[in-house]
Amino acid sequence: MSLLNIIRSSVFQVAVQDGIKRRLSLMMPSKAISCRTFVLSTWWNKNTSPDATEKIDLDGWKQVMRSGLQEDAHKGALETEEDNKRSLETKEDSKRALETEEDSHVAATRELIEMWRLLGKNVPENISEEQLKNLMECPTNSSKKKYLHFLAVKECVKKAEKIKQEKKREAKKERMENAKENGDYELPNTFLMKFWTKSEDNVYNWRAAQSMIFGQPLVFDMDYDACMTYTELKNAVKQLQESEGVNRRATDPFHLHYCSLKEDSPFHKELIKHYGEAWDKLFVTVTEKSHVEIFPRDQLVYLTADSPNVMKTFDHNKIYIIGSLVDKSIQKGVSLGRAKRLGLATARLPLDLYLQWELGSKNLTLNQMLCILLTIKDTGNWAEALQFVPKRKHAGFVDTMSHEINTRRKAKMYERLAGQEQSCRPFAGNSLRWEKQKKWWEDVS
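The sequence shown begins at 1 in full-length UniProt numbering and counts up one residue at a time.
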């Protein structure tokens with residue numbers, strides 16, 4: 001019976017696959033048959049009786065199975081392509097939504113600018129997309145008004161300079177024409193040969209290339225993105241640009257290293273924006289690694305205004321580090337804390353020893369620090385090197401002779417006072433001891 005059930009189920013499956021709904025019945029013969037064969041119905045028995053000598057074609061079955069697997073794989077690939085298309089469509093839709101939101105914000109800010117212009121506020125006539133984005137990032141209306149006032153003043157200064165240059169050109173043309181008419185025209189003096197700027201740049205570039213091989217390293221730590229606002233970051237990039245130019249024009253330039261400068265960081269984007277195509281041609285080593293990973297720690301000295309150690313002489317075997325931080329709000333201890341976390345030696349410039357400091361912080365700009373280090377490296381004279389400190393911050397240089405005399409007098413006075421205190425101490429101790437002693441006649445007991 002089990003064999004009969006198996007055959008029935010197989011026949012039913014075949015019939016269903018062919019899409020034919022017929023009643024299949026297993027016909028049993030009336031007489032006993034010697035061989036164990038089953039006779040099926042007439043429909044199933046059409047040219048389907050197995051032959052004893054017939055062999056199964058395994059290659060054909062393999063091809064059929066392979067074709068089925070290939071079809072399944074093709075269907076899966078189509079499904080994945082459709083899923084990718086759907087995901088791309090959703091991303092594009094989200095981007096379009098964001099763009100529409102940004103466009104609405106931009107339109108609102110432009111309307112606000114026009115409204116303030118009609119109200120008589122100091123607003124620039126033309127504003128770029130980048131300036132518009134910076135304006136949108138301002139959190140309050142007062143900060144927006146200040147930024148627009150700054151842009152308006154900047155625009156007026158540019159217009160005034162342009163007008164001044166045009167007037168100079170016109171005056172020069174009139175002078176030349178009058179000289180030709182009067183016959184007083186003279187050739188310019190050519191006693192000294194003209195030194196063209198291109199050849200001058202080649203000389204400077206050659207020096208900078210030599211410094212990358214033989215020069216003393218100087219590190220700019222660029223890991224201060226989070227400590228600065230956008231305006232402070234722009235000022236830092238301008239100072240770095242000026243520092244690179246000063247170093248390139250020096251007689252013995254440093255080998256500059258921009259360490260911890262990550263790709264696509266705000267610092268990196270702003271530098272590329274300012275330099276453009278010249279960024280790849282700079283004679284500066286730019287790396288994402290920290291200065292601790294490149295140089296040995298015992299040779300590194302972090303220059304910070306908050307350091308307790310005074311830099312008295314310039315050491316040519318040390319590698320000095322300048323933090324690329326512009327803090328208009330004067331954040332104290334930021335660079336010193338970073339140096340302590342890294343376990344580096346610190347130093348500060350001897351401003352108090354050579355300058356009569358008055359008001360203001362002792363933080364200097366990046367280009368001023370570079371000029372001071374270049375001068376002290378070449379000359380070894382602090383009085384000459386500290387000429388680059390802004391004069392508004394100090395009242396002049398200290399007279400070294402009078403300064404030494406005053407320090408000696410103060411030291412002698414301190415020694416005298418210390419000696420007097422030590423000489424008075426034993427008498428004071430005896431008097432206290434004498435007061436504490438009991439008198440024999442007061443001791444009744």
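Glycine is no exception: its CB is placed at the ideal position from the N, C-alpha and C atoms.
What residue range does the alpha helix (DSSP H) around Trp357 cover?
Counting along the chain, Trp357 falls outside any alpha helix (DSSP H), though it belongs to the beta strand (DSSP E) covering Leu355 to Trp357.
Does DSSP put Ile319 in a helix, in a strand, or in coil?
For Ile319, the secondary structure class from DSSP, reduced to helix, strand or coil, is strand.
With a threshold of 6 Å on Cβ separation, who are the neighbours of Trp434 within its own chain once the five nearest residues in sequence on each side are excluded?
For Trp434, the predicted structure reports a pLDDT of 48, less than 50, and the residue's modelled location is therefore unreliable. A value from the coordinates is still provided. Taking C-beta separations shorter than 6 Å and ignoring five residues to either side along the sequence, Trp434 has no partners in its chain.
Beta carbon of residue 450, beta carbon of Val284: below 8 Å?
Nothing about residue 450 can be read from this structure; the chain reaches only from 1 to 445.
When you compare only the Cα positions, how much space is there between Asp327 and Asn235?
Inter-residue distance for Asp327 and Asn235 is about 10 Å (C-alpha atoms, whole angstroms).
According to the neighbour-count rule (16 or more other Cβ atoms, all chains shown, within 10 Å of its Cβ), is Ser329 buried or exposed?
Classified as exposed, Ser329 has fewer than 16 neighbouring CB atoms from the shown chains inside 10 Å of its CB.
Give me the Cα-Cα distance between Asn363 and Ala305, rounded to the nearest whole angstrom.
One C-alpha to the other measures close to 6 Å.
By how many angstroms is the C-alpha of Glu358 removed from the C-alpha of Val292?
When rounded, the distance between both Cα atoms is 36 Å.
Determine the closest residue to His255 out of Ser265, Lys173, Phe214 and Met136, with distance taken between C-alpha atoms.
Selected option, being the one with the closest Cα: Phe214.
Let me know the secondary structure DSSP gives Phe220 once reduced to three states.
Secondary structure of Phe220 (DSSP, three-state): strand.
Do you know whose CA, among Gly343, Lys269, Glu125 and Phe267, lies nearest Asp298's CA?
Out of Gly343, Lys269, Glu125 and Phe267, Gly343 has the C-alpha closest to the C-alpha of Asp298.
Am I right that Ala250 and Val301 are in contact with their C-beta atoms under 8 Å? What's the rounded C-beta distance?
Wrong, their Cβ atoms sit about 20 Å apart, outside the cutoff.
Excluding the 5 residues flanking residue 453 on each side, which residues of the same chain have their C-beta closer than 8 Å to its C-beta?
Lying before the first or after the last residue shown, residue 453 is absent from the chain, which here runs from 1 to 445.
Please report the straight-line C-alpha distance between Glu232 and Ser143, rounded to a whole angstrom.
So the alpha carbons of these two residues sit roughly 15 Å apart.
Rounded Cβ spacing between Thr109 and Leu78 (contact assumed at less than 8 Å)
Contact doesn't hold; Cβ gap of about 46 Å is too wide.
Span of the beta strand (DSSP E) holding Leu256?
Start and end: His255 to Cys259.
Let me know the secondary structure DSSP gives Phe397 once reduced to three states.
If DSSP states are grouped into helix, strand and coil, Phe397 belongs with the strands.
Measuring straight from C-alpha to C-alpha, what distance separates Tyr275 and Met311?
In this structure, the alpha-carbon of Tyr275 lies about 33 Å from that of Met311.
Would you list the one or two residues that DSSP bridges to Ser310?
Sequence inspection shows Val at residue 310; the Ser mentioned does not correspond to that position. Val310 pairs with Arg348.
Tell me which same chain residues have a C-beta within less than 8 Å of the C-beta of Gln216, skipping the five on either side of it?
Non-local beta-carbon contacts of Gln216 in its own chain, meaning distances under 8 Å to residues more than five positions away in sequence, involve Phe254, His255, His316, Ile319 and Lys377 in chain order.
Can you tell me the Cβ-Cβ gap for Cys227 and Leu325, rounded? I've got them flagged as a contact below 8 Å.
The C-beta separation of Cys227 from Leu325 comes to about 6 Å, placing the pair in contact by the 8 Å criterion.
Over what stretch of residues does the alpha helix (DSSP H) that includes Val157 continue unbroken?
Taken as a continuous stretch (DSSP letters only), the alpha helix (DSSP H) holding Val157 covers Asn141 to Asn182.
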